[in-house]
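Asks: In the UniProt record's numbering, the protein residues as written are 1 to 366.
The beta carbon of each residue, even a glycine, is placed where N, CA and C say it ideally should be.
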Ligand SMILES: Nc1ncnc2c1ncn2[C@@H]1O[C@H](COP(=O)(O)OP(=O)(O)OP(=O)(O)O)[C@@H](O)[C@H]1O
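1. Rounded to whole angstroms, what's the CA-CA distance from residue 361 to residue 101? Just pull it up for me.
2. If we ignore side chains and look at the alpha-carbon of each, how far apart do residue 55 and residue 98 end up?
3. What did DSSP end up calling residue 364 once you bin it into helix, strand or coil?
4. Tell me which same chain residues have a C-beta within less than 6 angstroms of the C-beta of residue 276, skipping the five on either side of it?
5. The alpha helix (DSSP H) with residue 139 in it runs from where to where?
6. Below 8 angstroms on the Cβ atoms is my guess for residue 232 versus residue 274; work out the distance and round it to an integer in Å.
7. Using DSSP's beta-bridge definition, name the partner residues of residue 199.
8. Going by alpha carbons, who is nearest to residue 34 out of 43, 218, 285, 53?
9. State buried or exposed for residue 66, treating a residue as buried only when at least 16 other CB atoms are found within 10 Å of its CB.
10. What are the residues that DSSP puts in a beta bridge with residue 102?
11. Are residue 267 and residue 200 touching if we call contact CB-CB under 8 angstroms?
12. Where residue 165 and residue 181 are concerned, what is the direct C-alpha to C-alpha distance, given to the nearest angstrom?
13. Ignore the nearest five residues each way along the sequence and tell me which others in residue 323's own chain have a CB closer than 7 angstroms to its CB.
14. Should residue 352 be labelled buried (16 or more other beta-carbon atoms within 10 Å of its own) or exposed?
15. Find the nearest neighbour of residue 160 within the set 222, 326, 246, judged by alpha-carbon distance.
16. So, helix, strand or coil for residue 230, using DSSP?
17. Is it buried or exposed, residue 87, if we count other Cβ atoms within 10 angstroms and call 16 or more buried?
18. Extract the residue ranges of the alpha helix (DSSP H) inside the segment 302–348, only unbroken runs of 4 or more that lie entirely within it.
19. Would you report the Cα separation of residue 286 and residue 130, rounded to the nearest angstrom?
20. If you follow the alpha helix (DSSP H) that residue 115 is in, where does it begin and where does it stop?
21. When you compare the CB positions of residue 312 and residue 128, do they come within less than 8 angstroms of one another, or not?
22. With distances taken from CA atoms, which of 241, 109, 85 is nearest residue 47?
23. Do residue 138 and residue 343 have their C-beta atoms closer together than 8 angstroms?
24. Between residue 265 and residue 172, what straight-line distance do the alpha-carbon atoms span, to the nearest angstrom?
25. Would you kindly check if the distance between the Cβ of residue 190 and the Cβ of residue 242 is under 8 angstroms?
26. Using the rule of at least 16 other Cβ atoms within 10 Å of the residue's Cβ for burial, across every protein chain shown, is residue 366 buried or exposed?
27. If you count every other CB in all the chains shown that lies within 10 Å of the CB of residue 109, and 16 or more means buried, which is it?
28. What span of residues does the beta strand (DSSP E) with residue 130 cover, start to end?
29. State yes or no: is the C-beta of residue 50 within less than 8 angstroms of the C-beta of residue 41?
30. Who does residue 291 pair with in a DSSP beta bridge?
31. Whose CA, out of 254, 261, 308, 263, lies closest to the CA of residue 278?
32. Under the rule that 16 or more other beta-carbon atoms within 10 Å means buried, what is residue 257, buried or exposed?
33. Residue 340: which of 282, 253, 148 sits nearest, CA to CA?
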């Protein structure tokens, strides 16, 4: 049916409004007696919005996505207050956007460009984020964008704890004073998370003593970002020895705990994985991350694990992702290169290495 609709609509030289009408008919998007009825067209420089009354019983339907191919233009379909709205954009999303060094307020990040304009992510409103995506599609560039923009805007208040399980290759070249610790193996991740657990306990005690319930209601400016690049490396496997499995179990627990209780203390978790499955994207992390991002993933099932919806399996442009909060948007993430970051942050380069090793001067909890 879809192939026929596509063929028929492109063959006839009709207006977009006509093509939508015929697509409704060919897809049988109607109830027994009534078809959707067009009642308004709204034109702007960027898009034309067609609005329809639909008969009772009809709602938006995934099959209407075929309109994007029928019209050969980007299309956004929404259903609100019993009306169907079809937004037909005049331009496609650019395939490459350069990052601009522009300050933004507080803990916001220009995470991408959507068809409706720039998309800002606010880490104080949505503290934790998961990122999924097949290799070479833009996860690491996004992680570096987060690091760079937040250092640029909050050089004295941001701290990073980086678990770089791709052998430490990606982040070891960005050794700035704001990067407090880097773990480049699962065992170092264990050490890093054990130390962070101590910090969390101390912060928790401090908050209790002061009667604080949330960092947002205090004058504490510091935010601590825990970045995990390749969470799948922290999954315990049967072939590992008991001690190793125990340590990885602890890593899973500690990361879940950060997502569950540490947001109010000013901790922000950014957890990236190539393979979104129930094992590699622990449930507690996923449930507590109200922002879920997915670059291309191999299957619809993986897309549903990553963003609770299908769609990410069809992305075929690098740096393009679905950004899911309460809403869902397709974005192009700004590109930033290692050289640009290094050039900008020369003054922050730190001479000490920050390989995570167990501290011995603190009390342990948990
Ligand atoms: N936002 C972007 N805009 C344009 N091109 C991008 C973008 N992000 C990534 N790319 C291109 O894709 C390449 C791979 O990106 P990146 O290193 O972020 O992939 P990855 O998903 O982290 O892969 P891996 O897991 O293998 O490290 C980059 O070198 C760049 O050429």
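Replies: According to the structure shown:
1. Residue placement at residue 361 cannot be trusted, given a pLDDT of 43 that sits under 50; what the coordinates show is reported in the next sentence. Roughly 39 angstroms between the two C-alpha positions.
2. Rounded to the nearest angstrom, the two C-alpha atoms are 45 angstroms apart.
3. At residue 364 the pLDDT is 37, less than 50, meaning the model places this residue with poor confidence; the figure from the coordinates comes in the next sentence. Three-state DSSP puts residue 364 in coil, outside helix and strand.
4. 132, 302, 305, 306
5. 139–153
6. 6 angstroms
7. Paired residues: none, contrary to the question.
8. 53
9. buried
10. DSSP lists no partner for residue 102.
11. yes
12. 13 angstroms
13. Excluding sequence positions up to five before and after residue 323, its CB lies within less than 7 angstroms of the CB of 111, 112, 119, 293, 329, 331, all in the same chain and listed in chain order.
14. exposed
15. 222
16. coil
17. buried
18. 338–344
19. 7 angstroms
20. Where residue 115 is concerned, there is no enclosing alpha helix (DSSP H), given that its DSSP letter is neither H nor E.
21. no
22. 85
23. no
24. Computed Cα separation, rounded: 27 angstroms.
25. no
26. Because residue 366 carries a pLDDT of 32, less than 50, the predicted location of this residue cannot be relied on, and the following value inherits that uncertainty. Exposed, by the Cβ-count rule.
27. buried
28. 129–132
29. yes
30. 129
31. For the residues 254, 261, 308, 263, the minimum Cα distance to residue 278 belongs to 308.
32. buried
33. 148
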